[in-house]
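Protein chains in written order, with my numbering: chain A, 1 to 437; chain B, 1001 to 1478. A virtual CB, placed ideally from N, CA and C, is assigned to each residue, including glycine. Source: prediction; values computed, not measured. Down below is the structure, laid out as structure tokens.
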């Protein structure tokens, strides 16, 4: 910076000055080089961030898109009267029955222990049994006849049809033998296999069997939890912000509250989980892994962010509004509730929605309050044990079945879709109603 | 539950409002004077006195009733139940509650207990019903008493508006007190259980011990089950991952902030800013999934491949080591966590750099400095305190981050600074200690609270220091 620009000096046009100008010229080149490099670092840094986001989303879509379709095997089944228990059809081993008949149709002889039938059976989902049992229970006349039944392929068979397992896959990474793969090929060429949209993913609760597992239970659990969070955190957060911004006298106590709120916003989420375990579960005996406890914990967590967002949009309302209202004889409370708060509302809603979206994705505290346990089915109340979307992602990621990997990515897509919708709503609100003063 | 009383309460409150309003105007007309407050303000005053006492009763019932129910249930239980291990006993009581509510128990209990279950279930249902009805009747009585009080007081000269407003002020104050109560709750719950933990494990051993294996014997004669609670390996692992994360986040975050605030055109900023916001909004469990299933295997294959090249050469030992590197290494968790922190560092630094007055930039340009020289010699020195505050905040985030390390770092408590090794962190151990099905009072679960307290104190200290720095710095130019 101490260097002067060259053309100023060249006016002197003395020999010594010319040498100096030449030096400066060379130095300038170096400096411009540095400038370009510095700018390049910036571009690189931004590229790293953008590139990572693209990579992250790309990988999730690449891993997860296959979970949205599944394969179904349709087979004719002879309802063998000697094998079916009329009084209790659910007790019948329909899968084995179907497997044996399919083996016979393919012309394969089984050994005495029935190993091949067992191997064939593992290609069908256990859903087959329930569908067959339902048919028989509703219409016992079907016994002794041949019916066609469609049932999902088992998770491994489904992976094979999707091309994620091939004969080239090392044996320790697949549970299908080459023989089973041969059968699957023959069934496919026989026209028994159909690809369809995987509705089960959206209409079922969690299950230990990947082909039957779905996100609905977790979605409803998350929704119930967010409802509890919203009911508690939004009124309290707005109230606290109103007090601090509009009513509170400046004194030690309010300073303490302010410092407190800023620090609470930075407390690690897992500490809130510990608070939830100690306070809500061990002391208040609220039901473990219920949306009620989850919602309470998330409410405490979302509170500081809602307060901070609300305060900043209250601050944005110009003092002239308050002064005008006060001058017309309104009381402080009337001023705030009839003028300031309504004007600040778009900003408040935006901040609130964003913090709710954040709460939706929070996982760590949920693990501590027991949402890692397997909960089948769909919850009906806030006091029942349920799963939640982010904890479902964690559970599925930990599952050993390979078919859960694609479903984990699919669950992430569902989670991200909800978050995108919420954030988009916040942005629209901000665009539509934001006022610049 | 007591939710069913809420509609009743709403109806009562509406009645109070309408009644109070009507009463106020009637009494004003009868007295022939101009009332101090408008009738609807009298109505609001009546609503407060009918609603608030009932809400207090319901809130107290909500907080204490489950606790009281559990204690009464335990106090009256038969000996066969009392003699169960604490964990089994809790499971029994939760099943009893299910049976009492007319649902299926979650497990099958052996002979003497199975009949007890039905008896206890009936008792649990009775206790539940008594408490629920007690709360509802209590709330109703509170409403009626409040209503009688307020309807006697409504007079033309009652300063209803002032009273309503001071009530509103009190409620708003109570709302902001919740934030303080949360802090108090966090400190108390962490301290309480940590103190119980430190009764069985000395704090010195916990803070300075180098052996971490929190297995507690299920049977007394089990081998190698003494359990060791030296947390130094966890602190080392946390520190290692934090350093790796900062090595990624600090330069990338800082440079992107500089680029965005000094170089980027309006359009590129309009593209990059939302991208960073999306990156900040992605839930950490998603980063964890990505680290565990994508970054981990890629890194392992890279190092294994590099190892295979080195084996047999002059660096044979290193090659052998690299070939055994696992998916779960500190580097993977640290790198992904660093990416997660980029938007955090960048948005904080962006604010701070933008807060440096334009006159400093203009002065520098006027002296002939290039942009990068201005950034390096004027902006960064001026913004340094603020940026270091931002980096401290990012460190505190990295220390408290849970999901990425739970999914991508390991469980083995090793005292190492090798980024290719498996390490474990404080947060991972908290999750592992508390997510198993074990009884609550063992040192193993209480250790989680000891770790939580340490984590809370360290992050709190970092935050306070960082906020102080950021604040004092911001005031400089205002």
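Residue j beta carbon less than 9 Å from that of residue i
i              : j              : result
residue 470/A  : residue 142/A  : The question about residue 470/A has no answer here: the residues shown for chain A are numbered 1 through 437.
residue 1248/B : residue 1352/B : no
residue 1373/B : residue 34/A   : yes
residue 1135/B : residue 1073/B : no
residue 1337/B : residue 1404/B : yes
residue 41/A   : residue 196/A  : no
residue 132/A  : residue 92/A   : yes
residue 397/A  : residue 1288/B : yes
residue 422/A  : residue 353/A  : yes
residue 1158/B : residue 1045/B : yes
residue 156/A  : residue 121/A  : no
residue 1396/B : residue 365/A  : no
residue 1255/B : residue 46/A   : yes
residue 345/A  : residue 229/A  : no
Three-way DSSP call (helix, strand, coil) for residue i in this model
i              : result
residue 31/A   : helix
residue 1045/B : helix
residue 358/A  : helix
residue 376/A  : strand
residue 204/A  : coil
residue 150/A  : strand
residue 1228/B : strand
residue 440/A  : Any property of residue 440/A remains undetermined from this structure, which presents chain A solely from 1 to 437.
residue 1213/B : strand
residue 76/A   : strand
residue 193/A  : strand
residue 70/A   : strand
residue 1456/B : helix
residue 1093/B : helix
residue 124/A  : strand
residue 110/A  : coil
residue 1530/B : For chain B, the structure presents residues 1001 to 1478; residue 1530/B sits outside this window and is missing.
residue 52/A   : helix
residue 1158/B : coil
residue 430/A  : helix
residue 1107/B : coil
residue 170/A  : coil
residue 1295/B : helix
residue 1120/B : helix
Residue i versus residue j: straight-line alpha-carbon distance, rounded
i              : j              : result
residue 292/A  : residue 239/A  : 22 Å
residue 1253/B : residue 393/A  : 28 Å
residue 1196/B : residue 212/A  : 44 Å
residue 1411/B : residue 1233/B : 11 Å
residue 1460/B : residue 331/A  : 40 Å
residue 1389/B : residue 1345/B : 10 Å
residue 1036/B : residue 1127/B : 49 Å
residue 1039/B : residue 1468/B : 50 Å
residue 1399/B : residue 1457/B : 11 Å
residue 1341/B : residue 1278/B : 12 Å
residue 1466/B : residue 1176/B : 24 Å
residue 215/A  : residue 110/A  : 39 Å
residue 88/A   : residue 137/A  : 8 Å
residue 418/A  : residue 273/A  : 23 Å
Nearest-angstrom Cβ-Cβ length linking residue i and residue j, presumed shorter than 8 Å
i              : j              : result
residue 383/A  : residue 287/A  : 5 Å
residue 1427/B : residue 1402/B : 4 Å
residue 185/A  : residue 71/A   : Wrong, their Cβ atoms sit about 13 Å apart, outside the cutoff.
residue 309/A  : residue 348/A  : 7 Å
residue 379/A  : residue 386/A  : 4 Å
residue 359/A  : residue 226/A  : 7 Å
residue 1107/B : residue 1091/B : 7 Å
heavy atom of the ligand ZN below 8 Å from residue i C-beta
i            : result
residue 86/A : Ligands displayed in this structure: none; no statement on the ligand ZN is therefore possible.
Residue ranges of each beta strand (DSSP E) run of no fewer than 3 residues wholly in the region 1382 to 1444 of chain B, ordered along the chain? none
In chain order, which continuous runs of the beta strand (DSSP E) of length 3 or greater are located wholly inside the region 221 to 271 of chain A? Within the region 221 to 271 of chain A, no complete beta strand (DSSP E) run reaches 3 residues.
Pick out the complete beta strand (DSSP E) segments inside the region 1299 to 1386 of chain B, 3 residues or longer, and give them in chain order. none
Could you tell me which whole alpha helix (DSSP H) segments of length 4 or greater appear in the region 1123 to 1209 of chain B? The qualifying runs are 1160 to 1200 and 1203 to 1208.
Please name the residues in the region 1387 to 1409 of chain B whose beta-carbon is closer than 9 Å to at least one beta-carbon of chain D, in chain order. The chain inventory of the structure shown lacks chain D, comprising the protein chains A and B.
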